[in-house]
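Here this note's numbering is used: the first residue of the sequence shown is 1474, the next is one more, and so on.
Note that the Cβ used here is the ideal one computed from N, Cα and C, for glycine as well.
One structure is given below, encoded as structure tokens.
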Amino acid sequence: MSFAVVALVVLLAPWFFGAWEMWWFWPFAVAISTAVALQAARLIAWACRGPETTTPTLAPAARQLLLAYFPFLIYGLVRALQAGVPMDAERSYLLHLTPFLLGAVVVFGLSARQRGILLALLLGNFCALAAYGIINHYATGNARVLWVPGFPHYQEHYRRATGSYFCPDHFAGLLELALALGLGLGLARDTACGWRVPALLLVPLALWGIALSKSRGGGLVVLGMVAATLWWGLQQWPRRERGMWRAVGAALVATAVLAVALRGGAYVRRFQDYPWRQIAASDRYQMAAAALRAWKTAP
């Protein structure tokens, strides 16, 4: 039962406008809490069966990963309780707590078979999300996000793809996760063909969607991700095959960068139009500076 609830959250959240705040804090937060409660009931049932029943235990690495999150969660809880605006602080804390609980149920509560099914569903969902963003971009010019109107300024300036999100940068962020999954699964030596094919199909879909989103951060993340893949991600392959993969990858990256530079149009202009020399006056710099001042004055 907990698997069904987790699968619904993982699959549906990106389609509900990227789990926009109202959606996340009502159906999805309740669903995650339900999954945690079901998993807790399962552990209690195991414990009540008596000493002859083997209860599930955490592997050392999994236990260390779980414990590593607690200092951050405790710090966030303490700061939320001290905040001057309790409702905003509670929502911010829930945005950190609920994904942690969701991940904990996936890692520690699901069987290997259930995680495999969830991975297959996730691959298909990522492909569908990328395909929707691409089709919506060409079919409607991103005039609508699912069944509601999109934000006009993303249509008027640079024609940026938004997919199932209102913000194209958020859509690009989702596809960055999809690209990481596709590269990791597609280039791993021990990946079976049945997994490798959809994983490698996801890679061009994710890249296409990021390019249409015209996200500056997304483009830079892609370059960093590809560089890390060519250097670290291929270490598992034999030396000759590793060299071949790196040569092919470097050639593809160079070709893609050249194509974007020559034919990118609006995407290239977004980099050119950014006030790099007046970055201190940008809104994102101001927000980061304000956050840093807040941490210094009230850690």
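Kindly give me the distance between the Cβ atoms of residue i and residue j, rounded to whole angstroms, as I take these residues to be in contact under 8 Å.
i: A1665; j: L1594; result: Not quite, the Cβ-Cβ distance comes to about 17 Å (not below 8 Å), so this is no contact.
i: V1676; j: L1652; result: 6 Å
i: G1614; j: A1645; result: Going by Cβ atoms, the distance from G1614 to A1645 rounds to 18 Å, so no, they are not a contact pair.
i: V1730; j: V1699; result: With 8 Å as the limit, V1730 and V1699 do not qualify as a contact, their Cβ atoms being about 10 Å apart.
i: Q1587; j: F1476; result: 5 Å
i: G1655; j: A1679; result: 6 Å
i: P1711; j: L1602; result: The pair is not a contact, with the Cβ atoms about 35 Å apart (cut-off 8 Å).
By DSSP, does residue i sit in helix, in strand, or in coil?
i: P1711; result: coil
i: R1632; result: coil
i: R1564; result: helix
i: K1769; result: helix
i: V1558; result: coil
i: R1743; result: helix
i: S1688; result: coil
i: C1666; result: helix
i: R1522; result: coil
i: S1506; result: helix
i: C1600; result: helix
i: M1717; result: helix
i: G1576; result: helix
i: F1639; result: coil
Label residue i either buried or exposed according to how many other C-beta atoms from any shown protein chain fall within 10 Å of its C-beta, with 16 as the threshold for buried.
i: L1685; result: buried
i: C1640; result: buried
i: R1536; result: exposed
i: W1519; result: exposed
i: K1769; result: exposed
i: E1714; result: exposed
i: R1757; result: exposed
i: H1626; result: exposed
i: Q1745; result: exposed
To which residues does DSSP link residue i through a beta bridge?
i: P1622; result: R1617
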